[in-house]
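Chains as they are written, first to last, in my numbering: chain A, 1 to 346; chain B, 347 to 692; chain C, 693 to 1038; chain D, 1039 to 1384. Backbone N, C-alpha and C define an ideal beta-carbon position, used for all residues, glycine too. Here the structure is a predicted model, which means the values were calculated and not measured. Accompanying notes for the structure given below.
Number of protein chains: 4
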Amino acid sequence: MRALYKHHAGVGLKYDANRPKPTPGPRDVLIRVKKVGICGTDRHIWEWDDWAASRIPVGIVTGHEFVGTIEAVGSAVTNYKPGLRVSAEGHITAWKDYNSRTGAAHIASDTKIVGIDRDGCFAEYVVVPEENVWPVHPSIPDKIAAVLDPLGNAVHTVMEADVSAKSVLVTGVGIIGLMAVTVAKAAGASRIFATDVNPARLALAKRLGAVEAFDVRKGDDWVKEIKKATRGEGADVLLEMSGAPSAFDLGFRALRNGATAAILGIPSKPITFNITEHVVFKGAKVLGVNGRKMFQTWYQMEELLLSGRLELDEIITHEVPLEEFAEGFRTMISGEGIKVVMRVGE
Amino acid sequence: MRALYKHHAGVGLKYDANRPKPTPGPRDVLIRVKKVGICGTDRHIWEWDDWAASRIPVGIVTGHEFVGTIEAVGSAVTNYKPGLRVSAEGHITAWKDYNSRTGAAHIASDTKIVGIDRDGCFAEYVVVPEENVWPVHPSIPDKIAAVLDPLGNAVHTVMEADVSAKSVLVTGVGIIGLMAVTVAKAAGASRIFATDVNPARLALAKRLGAVEAFDVRKGDDWVKEIKKATRGEGADVLLEMSGAPSAFDLGFRALRNGATAAILGIPSKPITFNITEHVVFKGAKVLGVNGRKMFQTWYQMEELLLSGRLELDEIITHEVPLEEFAEGFRTMISGEGIKVVMRVGE
Amino acid sequence: MRALYKHHAGVGLKYDANRPKPTPGPRDVLIRVKKVGICGTDRHIWEWDDWAASRIPVGIVTGHEFVGTIEAVGSAVTNYKPGLRVSAEGHITAWKDYNSRTGAAHIASDTKIVGIDRDGCFAEYVVVPEENVWPVHPSIPDKIAAVLDPLGNAVHTVMEADVSAKSVLVTGVGIIGLMAVTVAKAAGASRIFATDVNPARLALAKRLGAVEAFDVRKGDDWVKEIKKATRGEGADVLLEMSGAPSAFDLGFRALRNGATAAILGIPSKPITFNITEHVVFKGAKVLGVNGRKMFQTWYQMEELLLSGRLELDEIITHEVPLEEFAEGFRTMISGEGIKVVMRVGE
Amino acid sequence: MRALYKHHAGVGLKYDANRPKPTPGPRDVLIRVKKVGICGTDRHIWEWDDWAASRIPVGIVTGHEFVGTIEAVGSAVTNYKPGLRVSAEGHITAWKDYNSRTGAAHIASDTKIVGIDRDGCFAEYVVVPEENVWPVHPSIPDKIAAVLDPLGNAVHTVMEADVSAKSVLVTGVGIIGLMAVTVAKAAGASRIFATDVNPARLALAKRLGAVEAFDVRKGDDWVKEIKKATRGEGADVLLEMSGAPSAFDLGFRALRNGATAAILGIPSKPITFNITEHVVFKGAKVLGVNGRKMFQTWYQMEELLLSGRLELDEIITHEVPLEEFAEGFRTMISGEGIKVVMRVGE
């Protein structure tokens, strides 16, 4: 089959027109891939940074965002049949630890991730366990179905923070931060404030529903402006999407006492943090967000898409065939595009 | 001062141009009334039904929905000064029981209600304790500020049920049910279904955001239709706004297992209810909703109004001067209007 | 193998020394049974009441509470091996509906129950899907491990209601009500009140930790007594374990405004219920409780057993060999015993 | 009146036998003090460290933990009368910001604290606003009623974390950490692990209910031991009571994915914290805890005391007359005693 794989311990991926087609085990499904999304994580793998070098096995097919059609099912599979259009949760667990057995499998202690720890979806076929399959609602187009994984990160963060009828600050409007803006609005956030260093992304955040979008390179007066707009107290909710240490410090300053902060951004190393002022005295609630709830987030995502209120057209900016992956990655890495989708098959 | 009062133990209210102006106690504020809303409860008092006859002291000024301006404050009042535009929570408590002291004063055991247990706001002046005052945001027009009390009922019910990214069934779209439709949409409900017996109200519910509005007089196939639209399982949330026994039975049938039902509708007598099927086997969560949270609901209401997403224009249908109260009540009772506002002063 | 089965559409069960041993499917485990518990449901099946006649297929092996040892596993089983001591959750689902996929499989819409809809554990061997297996902590003796199913009902109800530092009323102290008393105390309930019609059970409830135990046949002054002990307001929590309509009415009267009621008791037909007074005006939260959370309840149960604070010795009153099942059922049905355990194998 | 006050910007407090008796305002109560507790904060004021020098006005009467009897009430006070035995919440707010009006007055933005920002209770009389009064249950002795403030810190932390049927790690068993051990046990924690650097406090923690108490000076193997005792995953809950940076790092390591950490300890400066590993990837919930909920914590405290399960005898080690305050502070600062109470009047 056609596939992109990590051919060496260095920059880039390689295209192979004759990669062996995978075989599903008894509890697996084999999916013929239609479209895939390029994730920020795929960029780390492409660029072969320290994290990638320490985690990714050379030789694997990468990619974890996709939509496709079930081609075959293992002998012990009971819930699915060939022909169904599906996406899948990329976090794979044996369903035997505390979190897996209590509705929190997204933070299982034994998680293996598709396209990171095992072969992924930048290929004509991908195999996942039956439990990971998500049937895609007929009304959702392939282009969006291909990016349910990152959209799910945004939905998980927004829903965990509980934004309904609340003022919300999104620090960092990269791909997932932008998705979080439209998701938060659809999920009932009353007013959304956004910060970033990229004027184009800030402008897009406003088009997606932010009432104010602040360029943090121009100073930190935005903290005062948010307080002024919120009775002098601060925003109800922080969605941290940047991983930048300054966003943690200023983001928490912009919150009222008793606020909730949902953290998806991951600083690359430990940060210096004023936990006394920002968390204890403030009586704040801080929620770490990892992956997507299996499968509450997916149901919420479907409802939000069915509501017709998510605006993703300006976020999914480019689509290229799998064979033009180099152009796809260039578009994404240069910032020329935001979310880039690759066409693999029909 | 000018006022409407309950002049006898029978139908109607009487206008008095020379009612004595009330005097605030040391912890009270005196408010000059601008506009008031006519509530369904005022209708009960007007019609002098069994409930009214058992609860309302003949002689009191009625009315509890209003906006006005602080005219004077008692000697021990610390937070407010004359000149401030305000509305007020009509539930008065001594702040000494469990619920009052733990953030749930709306269900205090010693509650007295403005316009029901003591003089109300259908008058040039009304007195309330300092703790009950709600400063109205400058961006909210008087016409809406006059009906924050019933809007608060809708907001309380919707927020208690947690509708964000969920499918929601509203049984009964009278005044508060209609408000609940627009509030639920603004608060992030993904899809709203409504039921009623009044085609005009059902049509309005659809204009306010319901995806389907069912006339229950035509049978109960709507239960199947809701299930069909929700993976065959049922809606996530029920907002019961009718008090009709059949709405309890069919409304719960239309819910999925594990659903939440927030109940504002009050059956006039005990109902026969299949608690085994509808609550226990279903693993349902049923929430009684009374009044408005003091003052979380009011803050949520302000945020929802600031979001610009509440559509109240078609709900507040008529405005008359206080002196034309008879016409106001006729318009409301006949169903010709929905919410009727009366102008009292500037 | 040896087994008890429902041999006809009438009273009783029949012993068969040569029932065929079941064969596990690819995703199942075969368990050699050590001890089993007789449930109230087994009594309904024994007595062949209306419910049993409408639900139970004649011919099946009954029983659903047990502990045993894994004897063999199906070809696609990955998490368990022969030799492990286990119990199992008796609710079987295909893990494909909303609740199964969101951490609430105990209220799945497609649930089949061991010993009710398919062969159960009153036999030398029983088969369950891998997902239903619960490894039993080594410190828990067989006698207790045999009754984790009903203990789980009590734990689920108590934990759902959140009793920590709260006053709790348990209406009905049959087997599960008694378990709920000791569980509530271990889970942090500050004060427990119990009601029943059986003086011996009430006396046991007090030994297990209830501060007061009221015989409801003596009138309803106990409602006043509970209010008197709780600042005149009422208890924080109701655990309804009786299914008696009067317990619903009086139990809710004994609650303070804003209280929580967790309902495990199932009235045999719709009850007349004052939802206006008991739920709406009271601002109550009512939670239907069904089965055991899979598997949060099981983890909580393990923690509570490890705490050493559960007192079950006086609740598990009798143990008989499987062959003496008639005596076991007689002891349980007569009320001479409370929980009766049967020994099946080693 | 007799009183202790901060007489200069340096070490110590001074006794004055003729301090003027305070006069209550219209909404205040005047309380004749019976017993007071010496808090860790009073030690900071005594030692005049950087925090004290920056916050405490020279000249004020200090002290904020007390029990006494209402002597007089202001003209606008409605809920209390002279003669009532009371304690009081020391956080004073105008009840006008978001948190004050939504049940979270303990984190009001305008808080002033008795004995820190205004005259306190190390005196024959103290004045507090009516809203701050807490009537003490007759069954609670003065010695315990004098320390409801710090006990409330422990109760607030434990209840916020929700410990029922959970394994709990308490890092730091000073006065409030020790209280947290007995509170957590009474509130339903299944198993409690404690850490500290003081062998005597660790031994006391075990007597109060900890299953293990680790001396962190002996290395960090205790993290492994906790994991071993919790299925290899880690504890369910962290109660951080030390403020030590290493406790934050190791405490979070000892938690399972999806755990809750309630933070009462306040590092004296920003710490270096691995938020990516400890919060985000772990999917942890981190809760800042400040003061006591007004007044949910106080009700919970009363319930826990009524349960008879709190063991405070070994925590309240010394009692001295007010005049022997120097000995009281010496006993507390030296570590010879734990909680020291001073007798002021009858």
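Closer than 8 Å at the beta carbon, the chain C residues around residue i
{"i": "A94/A", "result": "T770 and N771"}
Chain C residues whose Cβ lies nearer than 7 Å to that of residue i
{"i": "L633/B", "result": "K977"}
{"i": "P22/A", "result": "Within chain C, no residue comes near P22/A; the closest Cβ sits about 18 Å away, beyond 7 Å."}
As assigned by DSSP and simplified to three states, the class of residue i
{"i": "S960/C", "result": "coil"}
{"i": "P545/B", "result": "helix"}
{"i": "K706/C", "result": "strand"}
{"i": "H7/A", "result": "coil"}
{"i": "S1026/C", "result": "helix"}
{"i": "L370/A", "result": "In this structure chain A extends from 1 to 346, so residue 370/A is not present and cannot be described."}
{"i": "F906/C", "result": "strand"}
{"i": "I490/B", "result": "helix"}
{"i": "R638/B", "result": "coil"}
{"i": "R577/B", "result": "coil"}
Residue j beta carbon less than 8 Å from that of residue i
{"i": "L1360/D", "j": "I1182/D", "result": "no"}
{"i": "A921/C", "j": "G864/C", "result": "no"}
{"i": "V972/C", "j": "N636/B", "result": "yes"}
{"i": "K285/A", "j": "T260/A", "result": "yes"}
{"i": "R378/B", "j": "E417/B", "result": "yes"}
{"i": "V1201/D", "j": "V1275/D", "result": "yes"}
{"i": "V1152/D", "j": "I1130/D", "result": "yes"}
Interface partners of residue i on chain D, CB under 7 Å
{"i": "S485/B", "result": "Within 7 Å Cβ-Cβ: nothing; S485/B doesn't reach chain D, min ~18 Å."}
{"i": "I315/A", "result": "Under the 7 Å cutoff, chain D gives no residues; its nearest Cβ is about 23 Å from I315/A."}
{"i": "R373/B", "result": "A1114"}
{"i": "N290/A", "result": "V1318, F1319 and G1321"}
{"i": "I175/A", "result": "Within chain D, no residue comes near I175/A; the closest Cβ sits about 17 Å away, beyond 7 Å."}
{"i": "G880/C", "result": "S1202, A1224, A1225 and G1226"}
Boundaries (first-last residue) of the beta strand (DSSP E) holding residue i
{"i": "E302/A", "result": "That residue, E302/A, is in no beta strand (DSSP E); its alpha helix (DSSP H) goes Q296 to L306."}
{"i": "F539/B", "result": "R537 to D542"}
{"i": "D134/A", "result": "Contrary to the premise, residue 134/A reads as Trp rather than Asp in this sequence. Segment V133 to P135, the beta strand (DSSP E) holding W134/A."}
{"i": "A418/B", "result": "E411 to V419"}
Within chain A, the residues that residue i reaches when beta carbons sit closer than 7 Å
{"i": "I1304/D", "result": "T276 and V280"}
{"i": "Y1136/D", "result": "R231, E233 and R256"}
Chain-ordered chain B contacts of residue i [CB-CB under 9 Å]
{"i": "S1147/D", "result": "Within 9 Å Cβ-Cβ: nothing; S1147/D doesn't reach chain B, min ~14 Å."}
Neighbouring residues, chain B, relative to residue i (Cβ below 8 Å)
{"i": "G1141/D", "result": "T448, G449, A450 and Q642"}
Contact list for residue i against chain C, beta-carbon separation under 9 Å
{"i": "T677/B", "result": "Near T677/B there are no residues of chain C at all, since even the closest Cβ is about 28 Å away, more than 9 Å."}
Endpoints, alpha helix (DSSP H) assigned at residue i
{"i": "H870/C", "result": "One detail in the question is off: residue 870/C reads as Leu in this sequence, not His. Segment I867 to A878, the alpha helix (DSSP H) holding L870/C."}
{"i": "A853/C", "result": "L840 to A853"}
{"i": "G40/A", "result": "G40 to E47"}
{"i": "A927/C", "result": "Careful: A927/C lies outside any alpha helix (DSSP H), inside the beta strand (DSSP E) at A927 to E932."}
{"i": "G1247/D", "result": "Premise fails: G1247/D is in no alpha helix (DSSP H) and is neither H nor E."}
Contact set between residue i and chain B, taken where Cβ atoms lie within less than 7 Å
{"i": "F885/C", "result": "What F885/C touches in chain B: nothing, since even the nearest Cβ is about 17 Å away."}
Q. Would you say the stretch 658 to 667 of chain B touches the stretch 992 to 1007 of chain C, given that touching needs at least three Cβ pairs under 8 Å?
A. No, they do not touch.
Q) Quick one: any contact between the stretch 37 to 48 of chain A and the stretch 74 to 83 of chain A, if contact means 3 or more CB pairs under 8 Å? A) Contact fails: fewer than three Cβ-Cβ distances are below 8 Å.
Q) Is the stretch 178 to 189 of chain A close to the stretch 153 to 162 of chain A, with three or more CB pairs under 8 Å? A) The stretch 178 to 189 of chain A vs the stretch 153 to 162 of chain A: in contact.
(Q) Pairs of beta-carbons, one from the stretch 615 to 622 of chain B and one from the stretch 958 to 974 of chain C, closer than 8 Å: are there three or more? (A) The stretch 615 to 622 of chain B, when compared against the stretch 958 to 974 of chain C, does touch it at the 8 Å Cβ threshold.
Q. How do the stretch 808 to 822 of chain C and the stretch 752 to 765 of chain C stand: do at least 3 beta-carbon pairs fall below 8 Å, yes or no?
A. Touching, yes.
(Q) Please list, in chain order, the residues of the stretch 154 to 170 of chain A that have any C-beta partner in chain E closer than 9 Å. (A) Included in the structure are the protein chains A, B, C and D, with no chain E among them.
Q. Are at least three pairs of beta-carbons, each pair with one atom in the stretch 680 to 691 of chain B and one in the stretch 795 to 809 of chain C, less than 8 Å apart?
A. These segments do not touch.
Q. For the stretch 696 to 704 of chain C against the stretch 713 to 721 of chain C, are there 3 or more C-beta pairs whose distance is under 8 Å?
A. Between the stretch 696 to 704 of chain C and the stretch 713 to 721 of chain C there are fewer than three C-beta pairs closer than 8 Å, too few to call the two in contact.
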